[in-house]
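Using the UniProt record's numbering, the final residue of the sequence shown is 375, and nothing's skipped along the way.
Cβ atoms here follow ideal geometry from the backbone N, Cα and C, with glycine treated the same way.
Everything below concerns the one structure shown next.
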Amino acid sequence: MVRVWTDGACLGNPGPGGWGWVDERGECDSGGERGTTNQRMELQAARQAVAAHPGAVEVVSDSKYVVSAFNEGWIDGWLRRGWKNSKKEPVANQDLWKPFVDEVAAHGQVTFSWVKGHAGDPMNEEADRLATEAAATVAAGGSNSAGGANSAGGANSAAAGSAPAAVATIIAVSESGGGSSADGAGSDPASVDASTAVTTDEAPTGRSADRRAPDGYRYAVSGIRRLDARSLAAARSQLAKILSAQGEFHPDLVVLSGLRPGPEAIGAQVALDAGIAVVAVLPWPDPQATLRSADRSAFAELLGRVADTVVLESKAPSDADGRSQALARRDGWLAKVADGALLVRRGDTTEGRALLRRFGRLGDEVWDLDLSALP
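So, in structure tokens, the structure goes:
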């Protein structure tokens with residue numbers, strides 16, 4: 001049986017909302033709607049989680065509205081009364097409840113458990129983060145419920161991740177051994193077939209001027225947080241190759257990283273090990289305080305090695321919703337000041353699509369690394 005944590009969020013009730021789920025294997029998804037309610041998003045989160053898990057699944061939710069309906073006989077009563085509640089009033093949200101009840105019955109292997117929200121359960125907090133970020137994306141005018149990964153603002157995408165062509169050329173030369181030959185043959189990207197070297201040294205149009213941003217070619221590294229051990233190992237290998245190539249193509253390369261567990265931390269680590277400058281971009285002071293003990297130690301070790309630190313907001317948020325919104329603002333800042341970005345995702349998920357949209361301004365200077373397509 002797979003356990004999956006779900007949550008819903010709404011910025012106003014009604015208002016723009018989001019749903020999210022994350023399972024014990026690290027898989028996750030999220031989405032949002034423009035005009036909705038918290039209860040509808042809780043329902044949608046559970047429904048999407050069940051749909052994504054055809055085998056035995058335990059849905060863990062902090063919504064008693066969802067859990068009690070299945071575990072305390074509410075649904076049986078609604079059915080007996082013709083979808084009326086105990087007050088003989090029509091049951092709210094029938095357009096979601098009716099198909100969901102049918103889907104759970106047809107599935108046959110779904111159980112529901114309740115968890116107290118905002119009480120330190122890391123998986124509940126992650127589901128909440130996904131839901132809140134989805135709601136914030138919708139509120140900001142984005143569409144977090146439709147479109148594929150290729151719809152994200154011109155970002156490249158391909159089987160094993162797309163790259164600006166000139167940088168891809170450097171990797172090809174390096175892996176073929178040309179870059180280390182005694183006579184230098186093949187060491188110049190321009191010596192390769194010109195049809196593959198089509199990018200320029202120019203920064204993307206519209207890079208925002210901000211005195212807090214470092215000098216140099218600013219390269220943001222970000223990605224989805226929940227990755228299993230195999231995906232993390234694959235990410236490390238690919239990030240090492242990509243950042244090394246970027247360093248050859250841009251001698252003044254500076255990696256911008258939030259240092260959070262996953263692609264951000266891995267990107268910072270491999271950059272530092274390769275002698276590439278790293279600037280930590282923190283959403284608020286001491287963001288590691290909300291991480292697990294082992295992650296806090298790793299964060300502190302990386303923070304002690306970076307060239308500089310940018311702290312965007314002076315005060316730490318007081319709750320999970322505030323933290324999610326501050327992290328979204330941090331990503332927005334990175335997208336505005338960066339010249340390029342390396343974004344790590346796994347498959348076509350709403351979280352991955354939202355990540356690509358945030359950095360859409362960078363166009364062809366986004367390297368979209370889809371780990372699900374790696375051999």
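Backbone CA spacing between residue i and residue j [nearest angstrom]
i, j, result
"K64", "A92", "15 angstroms"
"V110", "A280", "43 angstroms"
"D252", "G216", "5 angstroms"
"N38", "W19", "9 angstroms"
"Q94", "I242", "50 angstroms"
"V337", "A277", "16 angstroms"
"N71", "G275", "56 angstroms"
"K88", "R81", "8 angstroms"
"A235", "L371", "7 angstroms"
"V310", "L282", "6 angstroms"
"R14", "R40", "It should be pointed out that residue 14 corresponds to Pro in this sequence rather than to Arg. Using only the alpha carbons, I get a separation of about 10 angstroms."
"L312", "G258", "11 angstroms"
"E301", "A289", "14 angstroms"
"T6", "G26", "13 angstroms"
"T36", "A46", "16 angstroms"
"D339", "E24", "35 angstroms"
"S208", "V2", "44 angstroms"
"residue 387", "G73", "The chain is shown only over 1 to 375; residue 387 falls outside these bounds and no answer can be derived."
"S187", "A271", "Confidence at S187 is low in this model, with a pLDDT of 33, below 50, so the placement of that residue should be treated as unreliable; the coordinate-derived value is given next. Distance between the alpha carbons of S187 and A271: 21 angstroms."
"D286", "L303", "10 angstroms"
"P99", "L356", "32 angstroms"
"R218", "A52", "37 angstroms"
"P375", "R305", "33 angstroms"
"D273", "G352", "27 angstroms"
"Q48", "S237", "32 angstroms"
"F249", "A9", "43 angstroms"
"S297", "L79", "53 angstroms"
"L227", "G120", "20 angstroms"
Residue i vs residue j beta-carbon contact at 9 angstroms
i, j, result
"F299", "A328", "no"
"L369", "G247", "no"
"V255", "A268", "yes"
"V101", "E58", "no"
"D295", "L130", "no"
"W114", "A69", "no"
"G262", "V366", "no"
"V67", "L43", "no"
"T350", "G31", "yes"
"A220", "L342", "yes"
Close-in-space but distant-in-sequence residues of the same chain around residue i (CB under 6 angstroms, 5 per side omitted)
i, result
"A136", "Q325 and A328"
"P16", "R34, A135, V138 and A139"
"E133", "S324 and A328"
"D128", "D7 and A320"
"K116", "none"
"G177", "Bear in mind that a pLDDT of 39 at G177, under 50, signals an unreliable position, so the number given afterwards is only what the model happens to contain. If we look at G177 and ignore the five residues flanking it on each side, it has no Cβ neighbours."
Cβ separation of residue i and residue j, assumed to be a contact under 8 angstroms, to the nearest whole Å
i, j, result
"D126", "V22", "The question names Asp, but residue 126 in the sequence shown is Glu. Yes, they are in contact, since the Cβ atoms of E126 and V22 sit about 5 angstroms apart, within 8 angstroms."
"R225", "R260", "7 angstroms"
"H118", "A320", "6 angstroms"
"residue 376", "D62", "One cannot answer for residue 376 here, as it falls past the ends of the chain, which runs 1 to 375."
Sequence-distant residues of the same chain with beta carbon closer than 8 angstroms to residue i, five excluded per side
i, result
"G332", "R358"
"D308", "P214, V279 and A280"
"G77", "N85 and S86"
"L11", "G17, A135, A136 and A139"
"P90", "W83 and K84"
"S231", "G26, R346 and L371"
"P122", "R292"
"A233", "none"
Cβ-based neighbour list, residue i, same chain, cut-off 7 angstroms, excluding 5 preceding and 5 following
i, result
"K315", "W284"
"I75", "A69 and V101"
"V50", "V57, V59, E103, V104, H107 and V110"
"P317", "W284, R323 and A326"
"R212", "V310"
Contact with chain C by residue i, beta-carbon distance below 9 angstroms
i, result
"P317", "Absence of chain C from the displayed structure is noted, only one protein chain being present."
Cβ-heavy atom distance, residue i to the ligand PLP, below 8 angstroms
i, result
"L327", "The ligand PLP is not part of the structure shown, which contains no ligands of any sort."
Pick out the complete beta strand (DSSP E) segments inside the UniProt domain "RNase H type-1" (1-136), 3 residues or longer, and give them in chain order. Here the runs fully enclosed are 2-10, 15-23, 28-36, 57-61 and 110-114.
What are the start and end residues of each continuous beta strand (DSSP E) run of 3 or more residues lying completely inside the stretch 215-245, in chain order? Given a length threshold of 3 residues, each whole run of the beta strand (DSSP E) inside the stretch 215-245 is given here in chain order: 217-223.
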